[in-house]
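Quick note on numbering: the sequence shown equals residues 304 to 367 in the numbering used here.
Quick reminder that beta carbons are idealized off the backbone N, C-alpha and C, glycines included.
Heads up: the structure comes next, in C-alpha cells.
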Amino acid sequence: MDELKISKRTEPVMFTIRIDKSLVDFYDDLAKETNRSRNELIGMALEFAKDKNVIEPTEKPLGT
Numbered sequence: 304m305d306e307l308k309i310s311k312r313t314e315p316v317m318f319t320i321r322i323d324k325s326l327v328d329f330y331d332d333l334a335k336e337t338n339r340s341r342n343e344l345i346g347m348a349l350e351f352a353k354d355k356n357v358i359e360p361t362e363k364p365l366g367t
C-alpha cells in the first residue's frame, strides 16, 4: 500500500440519548481497558452498525 488516505473531517454534533445503565457501564469499562474515550467508542460502534441495519418489511393486516 503506497497511499495514505486521509478523509475530510466532519463537523461533530452533540446529541443526547437515553440508554440502559448496563450499556453505559460496558462502555465505561471498555474505555478504561482501551485508553479511549467512551464517546469515541460509542461513535465507532454507531459507525460500524450503520451499514448492518436491516429493516424488516411489515406484514399487511388481513383484508387489505
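Check                                                                                                                               : Outcome
Can you tell me whether DSSP reads residue 321 as helix, strand or coil?                                                            : coil
In terms of residues, what are the limits of the alpha helix (DSSP H) holding residue 309?                                          : Premise fails: residue 309 is in no alpha helix (DSSP H) and is neither H nor E.
Pull up the distance between the alpha-carbon of residue 346 and that of residue 366, whole angstroms please.                       : 44 Å
Would you tell me roughly how many angstroms separate the C-alpha atoms of residue 343 and residue 337, rounded to the nearest one? : 11 Å
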